[in-house]
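Written below as structure tokens is the structure these notes are about.
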Amino acid sequence: MRHLLRTAALIESWFDFMPQGQQATARELQSALLASAPQLHQSVKWGNLVFALDNRHAFALVMHKGHAHLQVYRGAQLVARFPQLEGSGKGLRHLSFRYGQPVDGDLIADLVQAALALMAESEGDPREG
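Mapped onto the numbering used here, the consecutive letters of the sequence shown carry residue numbers 8 to 136.
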């Protein structure tokens with residue numbers, strides 16, 4: 008059975024196990040996401056910090072050697088509005104953040120709200136999972 012305490016501890020462990028140089032950027036991205044949408048639920052999946060709304064994946068933080076990705080599920084549908092999104096998959100897109108560089112909180116807030124609005128529009132769509 009899952010408990011909030013265990014989930015919070017697992018999330019803190021995720022931060023604790025990453026190299027020191029990555030932690031500040033990861034925490035800043037997490038804070039920006041949760042400030043924009045406190046209703047998001049966090050969990051560690053596939054070694055990444057995943058943010059979901061109503062059991063539907065919305066975002067993920069994926070750490071790489073020199074940068075972090077803020078992955079946006081359904082991001083392909085937002086490229087026209089957010090040309091900063093990178094990637095070429097069917098649905099997933101991401102923003103890259105170099106460690107030690109400032110995180111654009113306004114961009115993240117706008118992106119989060121647009122992605123959540125898109126999720127709300129497709130809520131009854133059986134193709135969405």
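Ideal placement from N, C-alpha and C gives every residue a C-beta, glycine not left out. If you're wondering where the values come from, they're calculated on a predicted model, not measured in any experiment.
From this set, the options, which residue's C-alpha is nearest residue i's C-alpha?
{"i": "A33", "options": "L47, M126, Q46, A67", "result": "A67"}
{"i": "Q108", "options": "E35, A15, V69, A116", "result": "E35"}
{"i": "P45", "options": "A59, A127, Y80, L114", "result": "A59"}
{"i": "N62", "options": "Y80, G73, G54, V69", "result": "Y80"}
{"i": "L19", "options": "N55, S43, L102, A42", "result": "Here the sequence assigns Glu to residue 19, which means Leu is not the residue at that position. Closest option to E19, Cα to Cα, is N55."}
{"i": "H71", "options": "V119, M25, T14", "result": "M25"}
{"i": "A116", "options": "A127, G28, S43", "result": "S43"}
Tell me the rounded alpha-carbon separation between residue i and residue j.
{"i": "R100", "j": "A39", "result": "18 Å"}
{"i": "L17", "j": "Q30", "result": "15 Å"}
{"i": "L102", "j": "V110", "result": "11 Å"}
{"i": "D113", "j": "V119", "result": "10 Å"}
{"i": "G94", "j": "V69", "result": "14 Å"}
{"i": "G96", "j": "A65", "result": "15 Å"}
Can you name, in chain order, every residue of its own chain whose Cβ lies under 6 Å from the Cβ of residue i, other than the five neighbours on each side?
{"i": "R105", "result": "H74"}
{"i": "S50", "result": "V57"}
If you drop the 5 nearest sequence neighbours on each side, which residues of the same chain put their C-beta closer than 8 Å to that of residue i?
{"i": "G98", "result": "Y80, R81, G82, A83, Q84"}
{"i": "A121", "result": "L85, R88, F89"}
{"i": "T14", "result": "Q49, S50"}
Taking only heavy atoms of the ligand PLP into account, decide whether any of them is closer than 8 Å to the Cβ of residue i.
{"i": "P45", "result": "Looking at this structure, you won't find the ligand PLP or any other ligand, since it has none at all."}
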